[in-house]
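Colleague: To start, I am sharing the structure in question, which I have written as structure tokens.
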Amino acid sequence: MPQGLHRLMRVEDELPLRDLLLGRFDADEGLMLIKRWLTRENPVCLRHPHGFYVALLKRGLDEEWRFHLWPKGPRVITGMPAFVHTHDSDVESRVLSGALTNTLYDIAHVSSEGQPLYQVGYSADRYLSTTRNWLENTGSRIIVCRREEQYVIPGKGYIVDADDFHEATISENCVTATLVRMTARRPATVYVAGVDGYASRIDFVRTPVAGRQIAEQI
26 MPQGLHRLMR VEDELPLRDL LLGRFDADEG LMLIKRWLTR ENPVCLRHPH
76 GFYVALLKRG LDEEWRFHLW PKGPRVITGM PAFVHTHDSD VESRVLSGAL
126 TNTLYDIAHV SSEGQPLYQV GYSADRYLST TRNWLENTGS RIIVCRREEQ
176 YVIPGKGYIV DADDFHEATI SENCVTATLV RMTARRPATV YVAGVDGYAS
226 RIDFVRTPVA GRQIAEQI
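Just so you know, we're using the numbering used here here: the sequence shown kicks off at 26 and counts up by one.
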């Protein structure tokens, strides 16, 4: 059995991911199990350009399980500070520590007002640190309008459909951690509500980070 797959199966053995996501498992205890696994196995994780860490816990044909962690303090942003975006999968998330506000948006296409619409691209597997990642201006412009806002505390969760524009706003006053399940991946374009004044294409890579470094911040 490949070492990486063996590690992911061990996480499933130690942590009932579905029960934790559905609230049938204590968030604090689940968080400590993930911390111990990150410390022991020390997997290669990634630092997202928006300043949070991503650890892939389990991956199958129809779902992906991830652990996200935002360190305490100001977010260190690489590239364009544009946080309203879509996904190419349906997202279920449960907060394990800290808190966040999940905001859903409606959009309208416009000719000259609003903000530029970018699309996301990857050169290969998004979970590999060697994969190039980019934002590319589509030439379209949109206006975003807040539809719904949800403040989420530990033990609670939220759902985002793949095509919905959303934004997760994180407090800088505490460490925030979430368990994320992504399902029903489709060949859809991921979009970002961009910011004027940036290049039509922005290239970057996601920085590799040792799992133990992330565990130390929990």
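Note that CB positions come from ideal geometry on N, CA and C, so glycine has one too. Because the structure is a prediction, the values reported are computed rather than measured.
#1: Could you tell me the alpha carbon to alpha carbon distance between Phe229 and Ala80, rounded to whole angstroms?
#2: Straight-line CA distance for Lys83 to Gly139?
#3: Rank Trp159, Asn162, Glu89 by C-alpha distance to the C-alpha of Val25 and give the top, closest one.
#4: Taking Cβ positions, are Phe50 and Thr111 nearer each other than 8 Å?
#5: By a C-beta neighbour count over all protein chains shown, 10 Å radius and 16 as the cutoff for buried, is Asn158 buried or exposed?
#6: My guess is that Val185 and Asp113 are in contact by the Cβ rule of under 8 Å, so how many angstroms apart are they, rounded?
#7: Could you pull out every residue in the same chain whose Cβ sits closer than 6 Å to the Cβ of Thr201, ignoring the five residues on either side in sequence?
#8: According to DSSP, is Gly146 helix, strand or coil?
#9: Beta carbon of Val69, beta carbon of Ser154: below 8 Å?
#10: On the DSSP letters alone, give me the boundaries of the alpha helix (DSSP H) that Asp44 sits inside.
#11: Can at least three beta-carbon pairs, one atom from the region 99-107 and one from the region 220-234, be found at a separation below 8 Å?
#12: Please report the straight-line C-alpha distance between Gly236 and Glu117, rounded to a whole angstrom.
#13: Under 8 Å between the Cβ atoms of Cys170 and Asp115?
#14: Near Pro179, which residues of its chain fall below 8 Å by C-beta distance, leaving aside the five closest residues on each side in sequence?
#15: Given a threshold of 16 other Cβ atoms within 10 Å of its Cβ, counted over all protein chains shown, does Tyr143 qualify as buried or as exposed?
#16: Suppose only complete runs of 4+ residues qualify. What are the alpha helix (DSSP H) ranges in the region 40-115, listed by chain order?
#17: Look at the alpha carbon of Leu56 and the alpha carbon of Thr128, and state the distance between them as a whole number of angstroms.
#18: Taking just the CA atoms, how far does Ile243 sit from Cys199?
Modeller: According to the structure shown:
#1: The residue given as residue 229 occupies position 204 in the sequence shown. The residue given as residue 80 occupies position 55 in the sequence shown. Each residue's alpha carbon lies about 19 Å from the other.
#2: In the sequence shown, counting from the first residue as 1, residue 83 sits at position 58. In the sequence shown, counting from the first residue as 1, residue 139 sits at position 114. The alpha-carbon atoms of Lys83 and Gly139 are separated by roughly 38 Å.
#3: As displayed, the chain neither begins before 26 nor continues past 243, which places residue 25 out of reach and without an answer.
#4: As a working note, residue 50 is residue 25 in the sequence shown. As a working note, residue 111 is residue 86 in the sequence shown. No, these two residues do not count as a Cβ contact at 8 Å.
#5: In the sequence shown, counting from the first residue as 1, residue 158 sits at position 133. Buried, because 16 or more other Cβ atoms sit within 10 Å of the Cβ of Asn158.
#6: As a first step, residue 185 must be located in the sequence shown, where it is residue number 160. As a first step, residue 113 must be located in the sequence shown, where it is residue number 88. The pair is not a contact, with the Cβ atoms about 12 Å apart (cut-off 8 Å).
#7: Here the question's residue 201 lines up with position 176 in the sequence shown. Only Trp95, Gly123, Leu125, Ile195 meet the Cβ criterion.
#8: If you number the sequence shown from 1, residue 146 lands on position 121. The answer is strand: DSSP assigns Gly146 an E or B state.
#9: Here residue 69 refers to the residue found at position 44 of the sequence shown. Here residue 154 refers to the residue found at position 129 of the sequence shown. Taking 8 Å as the Cβ cut-off, Val69 and Ser154 qualify as a contacting pair.
#10: For the purposes of this step, residue 44 is taken as residue 19 along the sequence shown, with counting starting at 1. Taken as a continuous stretch (DSSP letters only), the alpha helix (DSSP H) holding Asp44 covers 42-46.
#11: yes
#12: The residue given as residue 236 occupies position 211 in the sequence shown. The residue given as residue 117 occupies position 92 in the sequence shown. Cα-Cα distance, rounded: 23 Å.
#13: As a working mapping, residue 170 is identified with position 145 in the sequence shown. As a working mapping, residue 115 is identified with position 90 in the sequence shown. Their beta carbons are not under 8 Å apart, which means Cys170 does not touch Asp115 by this criterion.
#14: Looking up residue 179 in the sequence shown gives position 154. Taken in chain order, the residues that qualify are Ala52, Asp53, Val120, Leu121, Ser122, Gly123, Ala124.
#15: The residue you call residue 143 lines up with position 118 of the sequence shown. Answer is buried; the Cβ neighbour count reaches 16.
#16: 42-46, 52-66
#17: Position 31 of the sequence shown holds residue 56. Position 103 of the sequence shown holds residue 128. Rounded to the nearest angstrom, the two C-alpha atoms are 24 Å apart.
#18: Position 174 of the sequence shown, counted from the first residue, corresponds to residue 199. Position 218 of the sequence shown, counted from the first residue, corresponds to residue 243. Looking at the two C-alpha atoms, the distance is approximately 10 Å.
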